[in-house]
Amino acid sequence: MTHTDTLTPYTPRLQQGLRATDAAVSPVALRQMATGETEETARAELADFEHLIPTPTPEQARGEARIFHALITAYGRHRPTLTGGPFGIRSLTPRPDELVVRIAPAQLERWIDALGHRPGGTGVAGLRWAGLREGIALTLPGMRMLLVGISETDWRAALGRRSADQSSLMPHWIPQFRREPEYAAAQDAELAGLADHLCATLRRIRLLDTLTRISGHVHLFTTRHHGGLHLIEACEATPTVLPLWTSRSVPLALWPAGPIPAPGPADPRTAVLDLLTEIEPDRAPSGTVDHPAARALCHIAGLSADPVLVQAAEHALDVATRVLADPAHASVYAAGGWAGSCRTYPEGTVHGSDPCLPPGAEAVTDLPEEALQRLGRHFSSQPSDTSRTDLASAGQEELAHLLDWALAIATRPANRLNWTRDRTDGTLQHTQPLPDRDGILTLTATNTGVYRVSLDALGLSDLADEDDTVEWEREAAPSQSAAVLLAEHAAIEAAVCLPFQREHRKQRLLLPAAVPTEPTIRSVIAGADYVLGFFTFASLLGRLHERVGSAQGAADGHWRTDTPPDGPATLTALISDWCALPSPHYGEAANTATVDSPAYLRHLAAHRAALDPFVTRYLAAADSLADARTFEERHLAGFAALRTTDLSALARTEVRPTGERLLRLVRSMPQDPAQLTAWYEHHLDQA
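For my numbering, count along the sequence shown from 1 and bump the result up by 48.
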């Protein structure tokens, strides 16, 4: 099997089935996608190294992991547009024994705060620095990171402003403190098992860029689950443990190589038989039948034991054996195993991810056309009317499907959950208390292959109408054994999902975020998962005019308990309900406040949502009229507020870029509500 991490052009895996996108991406462009380097830099680096992203030495990887973990802890959830890039990183250049990093100059002090270690605190124990002609070198034993373009004068000045001389971030000639080796060893131990994954993510940091286009935020954090430490990515306000290269379906050339787990590569045949014997002992093949592991794999993958399928399963197990022993594909073991990719079946059902072709897909599908067609006939409802090409394609997809499950089974974490079987219907269940709060994590896997992962007994008031339960995931798997694999993987994310979970009625966070005493429109936007922009708002105004006869003012209550019970009564409430924005409860201060008031801004900030400055100005004026008013009256008030406002000054309260196209739309708003729909459609035609 050809190693796919070398510098051959490789097509990104944004495919449907096995049909890849048409145009291959050059190695230079692929590397730039991950590192953010200029084309000139990427091309020069690729001339010196065999792999697209060089694999670091073990000491270099451990050091980079400690630095990255300190940055993750210090930065938390942040907007890269405000920090010059994820964690302030504009671009980086990975080498086997060095990482060159270009950070935004404004982030220098923030990096110092993150890296400086004080006993009992965060930071990186034992980190030293040296001023070089190229920049500042940060060193740990066996590790070097170069902050290029930073002068020693600027570095020393920043150290002085941050009182870093009171931490362990000292010049390279300073000897170790008495307990510094102990602190450093403790940090290494804390990241044991995750260091390679952290380092690989840092070296591909710009893969985060496309994940920030919805909420605008970078959000990584680490969490412990069932004895293992995991890196969680929640940039889109939905936590997932899938590695960046898997969740984005990037080419194998960008995947990190790494060490095979200490016990050695798993034997997929043994793993398949062990799983089926544990979960579905009645379906496990006897030792006297031919191809027992292949038959077991067919059952787990939801297929019959037809001889053609058993033969295909044997082939998939052979390829899986080679993949699992190849350091170029060590990532299949990461993040709870390859079951994470299998959770993306059917396509797009889990967190909007596309299935990622398994490593080895090219080898497992490299069979004669006749063999592929023979396999494909089993999955065609009318094989006589199906073209040979389609039959071969169906055969290819089923081979990849079998390989997926073989890899998922073989990479099931060794630290297993305890499942209890219901003697009545055979359903399996696992329960465990949630870490750090009241509640129970419950996993079920039925004998029909449906799995459910939920959090119960949470004691949250907004869940009173939902049986006090948050269901993180409920999907169908091809067998009960497969359901167990997928449920165990989904549980990693479910254990940390509560801070991201919203109740369905009013889209309020179940665990509201901490809010500054005096939030501003700008700070609320900076912290929001979703911002209602004026373009979207403008598209709604015409429909509101057609459907809303009259509305109350903010002082009368956005949500009322009269008719209908707890129903939206103001323009703000109607739009919030329509656009799935969080709404206040009756009796809260925000329920009788205009959207630009501190009370309403605190409400929005607590539930990580925002209105852009132009929407805020319009709705604040429209809702300021007391008592029931027609839509025409409220629109006139909102229109007048925007018409008399310095729009350029208002745009400066926005965190995100404000283009001239938006300002033209705001300036051209008609005073006559009957013209709102035509106004917006005309703007679309002119765009």
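Think of the CB as a built atom: it goes at the ideal place given N, C-alpha and C, for glycine as much as any other residue.
Quick check: the Cα distance between residue i and residue j, rounded to an integer number of angstroms?
i    : j    : result
I308 : V663 : 54 Å
A370 : P311 : Note on residue identity: the sequence assigns Arg, not Ala, to residue 370. Their Cα atoms are separated by approximately 16 Å.
I101 : T468 : 44 Å
G581 : G208 : 42 Å
W203 : T89  : 25 Å
V367 : R252 : 28 Å
S529 : Y499 : 10 Å
L684 : P564 : 33 Å
A154 : L268 : 21 Å
E523 : L503 : 16 Å
T517 : L557 : 14 Å
F548 : G487 : 16 Å
H363 : V544 : 38 Å
I573 : L277 : 32 Å
S139 : L713 : 36 Å
S435 : V298 : 30 Å
A637 : Y648 : 8 Å
P526 : A305 : 31 Å
S334 : P340 : 7 Å
A233 : L439 : 57 Å
T270 : L194 : 25 Å
L698 : L455 : 54 Å
A143 : V149 : According to the sequence displayed, residue 143 carries Arg and not Ala. Whole-angstrom Cα-Cα distance: 11 Å.
A71  : R331 : At A71, the pLDDT of 48 sits below 50, so the modelled position is not reliable; the number obtained from the coordinates is stated separately. Computed Cα separation, rounded: 45 Å.
R317 : D374 : 17 Å
L511 : L489 : 16 Å
L592 : D625 : 12 Å
A173 : L186 : 12 Å
Here's the rule I'm using: 16 or more other beta-carbon atoms within 10 Å means buried, otherwise exposed. How should residue i be labelled?
i    : result
G396 : Annotation note: pLDDT 43 at G396 (below 50); position unreliable, coordinate value reported separately. Exposed.
I160 : buried
N466 : exposed
P705 : exposed
I327 : buried
T56  : Residue confidence is low: T56 scores 32 on pLDDT, short of 50, so the model does not pin down where it sits. No coordinate-derived value is stated.
V337 : exposed
L659 : buried
Q734 : exposed
W520 : buried
L239 : buried
E566 : exposed
R158 : buried
M717 : buried
T288 : buried
L622 : buried
H730 : exposed
G497 : buried
Q719 : exposed
E708 : exposed
W221 : exposed
Counting only beta-carbon separations shorter than 9 Å, does residue i have a partner in chain B?
i    : result
A122 : Among the chains in the structure shown there is no chain B, since it carries only a single protein chain.
To which residues of the same chain is residue i closer than 7 Å at the C-beta, ignoring the five residues directly before and after it?
i    : result
Q64  : Only weak support exists for where Q64 lies, its pLDDT of 34 falling under 50; the value from the coordinates is given anyway. Around Q64: no qualifying Cβ.
L302 : L78, A82, L100, I101, R252, W293
T701 : I569, R570, P661
F225 : S216
A726 : none
Once you ignore the five residues that flank residue i on each side, which residues in its own chain have a CB closer than 8 Å to its CB?
i    : result
T618 : A599, Q600, G601, A602, D604, G605, H606, D671
A162 : A118, L119, T121, A122, Y123, T170, G171
Which residues in the same chain have their Cβ closer than 6 Å to the Cβ of residue i, if we skip the five residues on either side of it in sequence?
i    : result
Q108 : D145, M191
L357 : C346, L351
A409 : A448
L508 : L558
A493 : L476, Y499, Q528, A531, V532, A535
G111 : L188, M191
Original post:
Is there contact here, the region 382-390 with the region 315-323, by at least three beta-carbon pairs under 8 Å?
Top reply: no
Subject >> Sequence ranges, beta strand (DSSP E) only - wholly within the region 517-591, length at least 3 >> reply: 517-524, 578-580
Original post:
Would you say the region 205-224 touches the region 88-95, given that touching needs at least three Cβ pairs under 8 Å?
Top reply: no
Original post:
Unbroken alpha helix (DSSP H) runs of length 4 or more, entirely within the region 184-246: which are they?
Top reply: 200-209, 228-238
Subject >> Minimum length 4: unbroken alpha helix (DSSP H) runs contained in the region 634-666 >> reply: 646-654
Subject >> Whole runs of the alpha helix (DSSP H) within the region 281-314, excluding any shorter than 4 residues >> reply: 292-295
Original post:
Are the region 175-187 and the region 121-139 touching, with three or more C-beta to C-beta distances below 8 Å?
Top reply: Under the three-pair Cβ rule at 8 Å, the region 175-187 does not count as touching the region 121-139.
Original post:
Is the region 453-463 touching the region 474-490 in the sense that three or more CB pairs, one from each, lie closer than 8 Å?
Top reply: no
Subject >> Entirely enclosed beta strand (DSSP E) segments - the region 118-184, minimum 3 residues >> reply: 137-143, 146-151, 176-179
**OP:** Give, in chain order, every unbroken run of the alpha helix (DSSP H) that is at least 4 residues long and sits entirely within the region 684-713.
**Re:** 695-699
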